[in-house]
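Reading through the structure tokens given below for one structure.
Numbering (the numbering used here), first residue to last: 4 to 301.
What follows is the structure in structure tokens.
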């Protein structure tokens, strides 16, 4: 599969609502499953990395497993939105529980705050829920990547953003599998967690949107079921096109073209389909703005 470096993507680093700067304060939350106790060392390393970039952090008291109910986690999140000293909110979790907090959030206060929420995986439900209810964009990205296996390059990209010297954190290599251009606002993220919003007031609109889909778990049968559900709901027929990230388990079992080949059964040949290996659950994954404009060209 051929790849291309995207150079025409809007410069996210120049968008005021996405911008972080050295000297900012970040809130750290865990809205999905609590972290394991043995992850404390890594979290402290991440905190030290942010501190070294002159970003101070305010940590939620509910970060680890068996800590905090959905209501308590939502209250902490809202307190960070209301705190005028906090500039951005990073969620460091993943798992299954994030959608439980959606009914306890004050979306008018979130909308007025203009603060950007960052998270990945299960936080797809929160990112898309907030965008649907407020129009505020958020960032699909795991801030723990700064202390991960590809931490050195991740810290370079993140530092460039802080210094307004580049937006490589938001740029990725890709290949067109159908069509030759794809433009629109991005919605979606982790396919399993996006589908948890189906039938709720938090499910995004897809007309004319770029649908981003990726997954960590799920072999051929499960991803087939997810694609089938999206087709039956009319999502594939309404979106402007599809951006496929990594499908970790499926690709391990079937190869990196397994998801695109499977998708052919469910989408019309006229629908643009793009594949990238740089968005998903890998430690080298780049960031994507949910609710942000994207322009891809062959």
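Every residue gets a Cβ at the ideal spot worked out from N, C-alpha and C, and that includes glycine. From a predicted model like this one, the values you see are computed outputs, not experimental measurements.
Here residue 279 is near residue 246, since their CB atoms are less than 8 angstroms apart. Listed in chain order, the non-local C-beta contacts of residue 45 below 8 angstroms within the same chain comprise 147, 150, local neighbours out to five positions each way being set aside. Uninterrupted beta strand (DSSP E) stretches at least 3 residues long and entirely within the segment 72-97 occur at 91-94, given in chain order. The shortest CA-to-CA distance from residue 31 to any of 25, 53, 41, 24 is the one to 53. The alpha-carbon of residue 51 is positioned some 45 angstroms away from that of residue 274. Inter-residue distance for residue 173 and residue 78 is about 30 angstroms (C-alpha atoms, whole angstroms). In the pairwise beta carbon analysis, the segment 119-130 is classified as not touching the segment 62-77: fewer than three pairs are separated by under 8 angstroms.
With respect to the 8 angstroms criterion, residue 118 and residue 84 are classified as neighbours on the basis of their beta carbons. Contact check between the segment 214-223 and the segment 186-206: three or more CB pairs, one atom from each, fall below 8 angstroms, which counts as touching. In terms of Cβ geometry, residue 269 and residue 206 do not form a close pair [threshold 8 angstroms]. The DSSP-derived three-state label of residue 270 is coil. Assignment of residue 29 by DSSP, reduced to helix, strand and coil, places it in the strand class.
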